[in-house]
Amino acid sequence: MATQFRRISIGFQGGHSLALKVTEEQLKALHAALGEGGWHVLESEDGPVRLYLGQVVYVRAESDDLRVGFGA
Numbered sequence: 023m024a025t026q027f028r029r030i031s032i033g034f035q036g037g038h039s040l041a042l043k044v045t046e047e048q049l050k051a052l053h054a055a056l057g058e059g060g061w062h063v064l065e066s067e068d069g070p071v072r073l074y075l076g077q078v079v080y081v082r083a084e085s086d087d088l089r090v091g092f093g094a
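Pasting the structure below:
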């Protein structure tokens, strides 16, 4: 079975954001590490990303629900 990736956006102080695709396990590890601060390596679909957690102001993960068209 192919690895399922989830699209996330990570917002930083200063207004910049980073869009990535990560596994559910990587997202859970990121959420756990946010309270600890310091540096965290996040394995994304495109390769590893090293984040300084002290600058992260939000993490937004798209839901697993499939959306088709313009309706809600």
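Numbering-wise (the numbering used here), the sequence shown opens with residue 23 and increments by one.
Here a beta-carbon is modelled for each residue, glycine too, at the ideal position from N, C-alpha and C.
The model shown is predicted, which means the values in this text are computed figures rather than measured ones.
With a CB to CB cut of under 8 Å and the five nearest residues on each side skipped, what residues in its chain are close to residue i?
{"i": "G59", "result": "L75 and G76"}
{"i": "G69", "result": "none"}
{"i": "H53", "result": "V81"}
{"i": "E84", "result": "R28, R29 and I30"}
Looking at the ligand NAD, does it come within less than 8 Å of residue i, judged from the CB to the closest heavy atom?
{"i": "G36", "result": "With respect to the ligand NAD, the structure offers nothing, as it holds no ligand at all."}
Answer with buried or exposed for residue i, where buried requires no fewer than 16 other C-beta atoms within 10 angstroms of its C-beta.
{"i": "Q48", "result": "buried"}
{"i": "V63", "result": "exposed"}
Which partner residues of residue i appear in the DSSP bridge assignment?
{"i": "A83", "result": "I30"}
{"i": "A41", "result": "S31"}
Measuring CB to CB, does residue i end up less than 9 Å from residue j?
{"i": "Q35", "j": "V71", "result": "no"}
Kindly list the residues whose CB is nearer than 6 Å to the CB of residue i, restricted to its own chain and excluding five residues on each side of it in sequence; keep chain order.
{"i": "L40", "result": "I32"}
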